[in-house]
Amino acid sequence: MQVRAIARNIGISPRKLRLVTDAVKGLRVSEALPVLDFLPNAGARPVKKVIQSAVANAENNYNLDPDQLYILNIVTDEGPRQRRFKARSHGRLSYIIRRSSHVTVIVSDDRADLGR
Numbered sequence: 001m002q003v004r005a006i007a008r009n010i011g012i013s014p015r016k017l018r019l020v021t022d023a024v025k026g027l028r029v030s031e032a033l034p035v036l037d038f039l040p041n042a043g044a045r046p047v048k049k050v051i052q053s054a055v056a057n058a059e060n061n062y063n064l065d066p067d068q069l070y071i072l073n074i075v076t077d078e079g080p081r082q083r084r085f086k087a088r089s090h091g092r093l094s095y096i097i098r099r100s101s102h103v104t105v106i107v108s109d110d111r112a113d114l115g116r
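The letter at position 19 of the sequence shown is residue 19 when you use full-length UniProt numbering, and the numbering goes up by one with no holes.
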C-alpha cells in the first residue's frame, strides 16, 4: 500500500532541498529519521515533518505498521517565486528571487515497490 503526504510552499530553494531528499530516498523510515536529525542542512527539518506526516497517514488511515514502511519516492518540485527589489546605484533596481519548494513523499510497506 502506498501512502503519500505533501508539503507545499517550503521557504527553501528546491536545489538545497534535493540534497536532503536524495540522502533519504529508498531508506526505511526508521533509518531515515535519525539521518535527518544529524544533517546540518536547514531543509532537513521540513523534510522530516513531511515523512512523519506520511507515516501518520499510513498508520491512521490504513492501519499500517510504521516500522515496516519504506520511503518509496520523495520528490522536490519548484514552488512559487517571490520577487523582491533591491535598490542599486543610478536609480536602478535589481531583483532578488526567493524560491520555494513543494515536497511529496510516498511511503510503502511493500519492499517490492522499490524496484519500480
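All C-beta atoms, glycine included, are put in the ideal place defined by N, C-alpha and C.
Roughly how many angstroms lie between the CA atoms of ALA42 and ILE71, to the nearest whole one? Answer to the nearest angstrom: the Cα atoms are 20 angstroms apart.
The alpha helix (DSSP H) that contains ILE51, what's its start and end? Counting along the chain, the alpha helix (DSSP H) containing ILE51 begins and ends at 44-62.
State the DSSP-derived secondary structure class of ASP77, mapped to helix, strand or coil. DSSP places ASP77 in strand when its eight states are reduced to three.
Take the Cβ of LEU19 as the centre, count every other Cβ of all protein chains shown within 10 Å, and call the residue buried at 16 or more, exposed below. It is exposed - the Cβ of LEU19 has fewer than 16 other Cβ atoms within 10 Å.
Is it the case that the Cβ atoms of VAL103 and ALA58 are separated by a distance below 7 angstroms? Going by C-beta atoms, VAL103 is not nearer than 7 angstroms to ALA58.
Give the DSSP bridge partners of SER101, in chain order. Note: SER101 sits in a beta bridge opposite ILE10 and GLU78.
Candidates TYR62, VAL50 and ASP109: which alpha carbon is nearest ASN9's? The shortest C-alpha separation from ASN9 is found at VAL50.
Residues bridged to ARG4 (per DSSP): Beta-bridge partners of ARG4 (DSSP): ILE106.
Here's the rule I'm using: 16 or more other beta-carbon atoms within 10 Å means buried, otherwise exposed. How should PRO14 be labelled? That one is buried.
Assuming ASP65 is part of the alpha helix (DSSP H), what are its boundary residues? Taken as a continuous stretch (DSSP letters only), ASP65 belongs to no alpha helix (DSSP H), as it is neither H nor E.
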